[in-house]
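One structure is given here, and the rest of the page talks about it.
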Amino acid sequence: MINTIILSYVTFGYFGAFILYLLMMVMGRATFGRLASLLSVVGLGAQSLAIILRWVESYQLGIGHAPFSNLYESLIFFSWTITLLYLIVEWRTKNRTLGVFVMPLAFLAMAYASFSPNIASRIQPLIPALKSNWLITHVITCFFAYAAFGISFGLSLMYFLKLVDNEKRNNTFLKLIPRKGILDDLNYQMVAIGFLMLTLGIITGSVWAYSAWGRYWGWDPKETWSLITWFIYAAVLHSRMVRGWTGKKIAIMSIIGFFCVLITYFGVNYLAGLHSYATT
Amino acid sequence: MAKSTSKTKSNSVWRFFSSVKLTIVLLIILAITSILGTIIPQMPQRESVEFARGLSPGMFKLFSFINLFDMYHSLWFRLIIGCLALNLIICSIDRFPATLKQFRFRPGADRNKPFQDLPLNQTFFVEGNVEDTANQVARFIKGRYKKIKRKHAGDRYYFLSEKGKYSRFGVYLVHLSVLIIVIGGLIGSFFGFDGYINIVEGEQIDAIKLRKQTTPLKLGFEVRCDKFTVDFYENGAPREYRSELSFFVNGKEVEKENLLVNHPIKFRGITFYQSSYGKTPGNKVRLKIVRHANEHESIGMEAEQGNSFPLPGKEGQFQVLKVDANLRGMMGPAALISIHAEQGDETRFWIFQNWETLQNRFPKQMLQSPMLNSSAFKPYTFYLEGLESKFYTGLQVNRDPGVSLVWIGSFLMIGGFFVTFFMSHRRIWVRVSNAKRGSTISIAGTSNKDPVGLERELAHLSINLNGYLNKRK
Ligand code: HEM
Numbered sequence: 105m106i107n108t109i110i111l112s113y114v115t116f117g118y119f120g121a122f123i124l125y126l127l128m129m130v131m132g133r134a135t136f137g138r139l140a141s142l143l144s145v146v147g148l149g150a151q152s153l154a155i156i157l158r159w160v161e162s163y164q165l166g167i168g169h170a171p172f173s174n175l176y177e178s179l180i181f182f183s184w185t186i187t188l189l190y191l192i193v194e195w196r197t198k199n200r201t202l203g204v205f206v207m208p209l210a211f212l213a214m215a216y217a218s219f220s221p222n223i224a225s226r227i228q229p230l231i232p233a234l235k236s237n238w239l240i241t242h243v244i245t246c247f248f249a250y251a252a253f254g255i256s257f258g259l260s261l262m263y264f265l266k267l268v269d270n271e272k273r274n275n276t277f278l279k280l281i282p283r284k285g286i287l288d289d290l291n292y293q294m295v296a297i298g299f300l301m302l303t304l305g306i307i308t309g310s311v312w313a314y315s316a317w318g319r320y321w322g323w324d325p326k327e328t329w330s331l332i333t334w335f336i337y338a339a340v341l342h343s344r345m346v347r348g349w350t351g352k353k354i355a356i357m358s359i360i361g362f363f364c365v366l367i368t369y370f371g372v373n374y375l376a377g378l379h380s381y382a383t384t
Numbered sequence: 061m062a063k064s065t066s067k068t069k070s071n072s073v074w075r076f077f078s079s080v081k082l083t084i085v086l087l088i089i090l091a092i093t094s095i096l097g098t099i100i101p102q103m104p105q106r107e108s109v110e111f112a113r114g115l116s117p118g119m120f121k122l123f124s125f126i127n128l129f130d131m132y133h134s135l136w137f138r139l140i141i142g143c144l145a146l147n148l149i150i151c152s153i154d155r156f157p158a159t160l161k162q163f164r165f166r167p168g169a170d171r172n173k174p175f176q177d178l179p180l181n182q183t184f185f186v187e188g189n190v191e192d193t194a195n196q197v198a199r200f201i202k203g204r205y206k207k208i209k210r211k212h213a214g215d216r217y218y219f220l221s222e223k224g225k226y227s228r229f230g231v232y233l234v235h236l237s238v239l240i241i242v243i244g245g246l247i248g249s250f251f252g253f254d255g256y257i258n259i260v261e262g263e264q265i266d267a268i269k270l271r272k273q274t275t276p277l278k279l280g281f282e283v284r285c286d287k288f289t290v291d292f293y294e295n296g297a298p299r300e301y302r303s304e305l306s307f308f309v310n311g312k313e314v315e316k317e318n319l320l321v322n323h324p325i326k327f328r329g330i331t332f333y334q335s336s337y338g339k340t341p342g343n344k345v346r347l348k349i350v351r352h353a354n355e356h357e358s359i360g361m362e363a364e365q366g367n368s369f370p371l372p373g374k375e376g377q378f379q380v381l382k383v384d385a386n387l388r389g390m391m392g393p394a395a396l397i398s399i400h401a402e403q404g405d406e407t408r409f410w411i412f413q414n415w416e417t418l419q420n421r422f423p424k425q426m427l428q429s430p431m432l433n434s435s436a437f438k439p440y441t442f443y444l445e446g447l448e449s450k451f452y453t454g455l456q457v458n459r460d461p462g463v464s465l466v467w468i469g470s471f472l473m474i475g476g477f478f479v480t481f482f483m484s485h486r487r488i489w490v491r492v493s494n495a496k497r498g499s500t501i502s503i504a505g506t507s508n509k510d511p512v513g514l515e516r517e518l519a520h521l522s523i524n525l526n527g528y529l530n531k532r533k
């Protein structure tokens, strides 16, 4: 299958992009940054092509469906959304430093999908419960939410690094990180986009659950963890209204929020429930 | 939302529930307590019973007392949600008057305060007389903004336009939608039900079983499963389940529909979902009857339960009394045969499909009962070749009168997010003032949020207006 071959090259491409972003930060040379962006864009293009090929291939196998149906495909899509969103942010802010913190997420997702022995890369047919257009919107919105929260996580790490930066410490890496105020603003924007997308994801998931199982909410562990994540980010949004809650508290909560995202995504496969990819 | 007005209200309960700090604390408490229920398996699941068995009696008592086996439906969990709702209501009531004031506030167009400390790119010089320039500015602005206020004071002309003032209510929309969803959930849990039923192909039911009660619930109509089919992919995974259902009211058929996974059927406010399926023995069996006479005579036949058939040698009649898919839970498919001879008593015995394996598995003595002797009626031996099996379809049957509120709330919430996150209430002022051999144009603005977006808009407006005015010259 050609799509999996392309995807394994993309994995290395994203790793290369990460290394180049890192070199840019450590050596303070913009050329590396430009190369890193180029490599990320090419990687994203190749990945998009691979996803489309996979989609087409599933139709050729006679079991056609959008490529978002098992853990392998979801990891690929997660990596795609986070790279896309990151490149948009890079282009809008004209700043590449975030790449060092975000590209590893894209790379790790790809690496996990490609190299973990427990994850099948074969195209599998859809069981009846997964045959729903709501599933497609559900997956797309959820993964854009995860990507936005992933970027917010990266920004929060940068915030903490920037805290230890000062005049005396002449560190290129820390100098290149934008001001705390900018990081905090951008973090808020990412949380807002993520929150909107997560809400959409939860709603489309509810509509799907309602048509498949007859209830829109069943306190299944994955549903519950998505709600926990939602509570945490709602708290993040509201902490901006409380005077005295500085960027540090918000950064901590964003990091906790992203751990909740990871549990919602992976941890829940080890708890019982309808969503675990292994059993459905 | 606007600033709190609670300084005027000294009631401490009110102040407590109008604080955003409380909101954050409640949200975090909800997050932490919700985790418990994902670690402790919750009640309808099988794992829950196993988990409970592993606990010491003391722990078990404690866990049951605080409802940890069904915590999301417990009183304390609902109380936390109730507190959040109260927090939300009081906070909104508290802040609404101030928002309304800001919404209604109409600043004069001839204010100079917004023009203090303008960035350099937002003032520029245009040649020509003030009045002409002002008219051109008016024409330009009209093309871009609605509702423009104009004012002429001394040798200065002012223009004020406002947009997005309704966006101040977006937050209230979001918060209202949270309440609507909570209310929808409550209505569902008080006035809805959650049940299931298995219907064998060809049979009909008029009641279902409820998950939380033992008495069945009468539907008020009948449902028949005409046919159930399942088909598979090549790798053996199921592709589609399909139940063909007919609905009857007072014995008259009113609707016929196919039920698929993900495509529920709604009938008289009650929704049916395809949820499982299985097989049960039907009422037909395949028999082989051997007559040990001079010549062994063997015939195969299909017999329906309850009907009488003549024996091949006309010695009497026989009947299949009972069919069991797995007798006593371990003996496999079996049928109870009853024979009435022309003269004499009835003879009854069980016959088994897996007789050979039974003989190997059980001690000889156990199988010597006359009830298990398939040759009890001479000169015949009966063999069970197979049972006809029938599908039954497993349906989930629900009623949830709150669900439309939940969807309405969800819809409003998304709309509210767009308004709060992507819109803001902006006021843009343009001032044209007399200068030596021309006029000075200044552009200023205020916004309730998103200062970066406002800056971008003002910069844009300056460039375009500058271009427009200078091209005309
Ligand atoms: C789960 C329930 C809640 C959700 C989903 C929610 C959602 C939101 C959202 C999306 C915003 C806009 C944030 C922004 O513009 O950055 C907001 C703002 C706000 N919320 Fe909530 N909220 C909830 C509960 C509450 C409660 C219980 C209170 C009660 C005090 C509250 C008070 C506020 C206030 C004061 C604002 C500030 C509005 C402003 O001036 O910009 N929220 N909320």
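Just so you know, the sequences run in chain order A and B.
Numbered by the working numbering, the letters in the first sequence go through residues 105 to 384 in order.
Numbered by the working numbering, the letters in the second sequence go through residues 61 to 533 in order.
Quick reminder that beta carbons are idealized off the backbone N, C-alpha and C, glycines included.
Under the three-state DSSP convention, the category residue i falls into
{"i": "SER484 of chain B", "result": "coil"}
{"i": "LEU447 of chain B", "result": "strand"}
{"i": "HIS356 of chain B", "result": "strand"}
{"i": "SER79 of chain B", "result": "coil"}
{"i": "ALA170 of chain A", "result": "coil"}
{"i": "THR350 of chain A", "result": "coil"}
{"i": "LEU201 of chain A", "result": "The amino acid occupying residue 201 of chain A in the given sequence is Thr; Leu does not appear at that position. Three-state result, THR201 of chain A: coil."}
{"i": "LEU518 of chain B", "result": "helix"}
{"i": "VAL490 of chain B", "result": "strand"}
CB-CB length for residue i against residue j, believed under 8 Å
{"i": "GLY505 of chain B", "j": "LEU518 of chain B", "result": "5 Å"}
{"i": "TRP184 of chain A", "j": "ILE155 of chain A", "result": "7 Å"}
{"i": "LEU514 of chain B", "j": "ARG486 of chain B", "result": "6 Å"}
{"i": "PHE281 of chain B", "j": "PHE308 of chain B", "result": "6 Å"}
{"i": "ARG228 of chain B", "j": "THR331 of chain B", "result": "The pair is not a contact, with the Cβ atoms about 40 Å apart (cut-off 8 Å)."}
{"i": "GLU448 of chain B", "j": "GLY376 of chain B", "result": "Wrong, their Cβ atoms sit about 25 Å apart, outside the cutoff."}
{"i": "ILE354 of chain A", "j": "ASP288 of chain A", "result": "7 Å"}
Proximity below 8 Å, CB of residue i to CB of residue j
{"i": "PHE181 of chain A", "j": "VAL243 of chain A", "result": "yes"}
{"i": "PRO324 of chain B", "j": "TYR337 of chain B", "result": "no"}
{"i": "ALA338 of chain A", "j": "LEU87 of chain B", "result": "yes"}
{"i": "ILE501 of chain B", "j": "THR183 of chain B", "result": "yes"}
{"i": "SER358 of chain B", "j": "LYS344 of chain B", "result": "no"}
{"i": "LEU90 of chain B", "j": "PHE335 of chain A", "result": "yes"}
{"i": "LEU111 of chain A", "j": "GLN164 of chain A", "result": "no"}
{"i": "ARG408 of chain B", "j": "LEU427 of chain B", "result": "no"}
{"i": "GLN413 of chain B", "j": "GLY392 of chain B", "result": "yes"}
{"i": "GLY469 of chain B", "j": "GLY244 of chain B", "result": "yes"}
{"i": "LYS211 of chain B", "j": "TYR205 of chain B", "result": "no"}
{"i": "LEU148 of chain B", "j": "VAL231 of chain B", "result": "no"}
{"i": "LEU236 of chain B", "j": "LEU82 of chain B", "result": "no"}
Contact test: residue i Cβ vs ligand 1 heavy atom, cutoff 7 Å
{"i": "VAL314 of chain B", "result": "no"}
{"i": "PHE477 of chain B", "result": "yes"}
{"i": "ASN275 of chain A", "result": "no"}
{"i": "ARG347 of chain A", "result": "no"}
{"i": "HIS133 of chain B", "result": "no"}
{"i": "ASN147 of chain B", "result": "yes"}
{"i": "HIS323 of chain B", "result": "no"}
{"i": "HIS242 of chain A", "result": "no"}
{"i": "HIS485 of chain B", "result": "no"}
{"i": "ARG133 of chain A", "result": "no"}
{"i": "ALA296 of chain A", "result": "yes"}
{"i": "HIS520 of chain B", "result": "no"}
{"i": "VAL80 of chain B", "result": "yes"}
Terminal residues of the alpha helix (DSSP H) in which residue i lies
{"i": "LEU261 of chain A", "result": "237-267"}
{"i": "TRP136 of chain B", "result": "135-164"}
{"i": "VAL290 of chain B", "result": "Here VAL290 of chain B belongs to no alpha helix (DSSP H); instead the beta strand (DSSP E) covers 277-292."}
{"i": "VAL321 of chain B", "result": "Here VAL321 of chain B belongs to no alpha helix (DSSP H), and DSSP marks it neither H nor E."}
{"i": "TRP227 of chain A", "result": "As written in the sequence, residue 227 of chain A is Ile, which differs from the Trp given in the question. Per DSSP, ILE227 of chain A belongs to no alpha helix (DSSP H) and is neither H nor E."}
Host beta strand (DSSP E) of residue i (start-end)
{"i": "PRO370 of chain B", "result": "368-370"}
{"i": "GLY329 of chain B", "result": "From DSSP, GLY329 of chain B is part of no beta strand (DSSP E); its letter is neither H nor E."}
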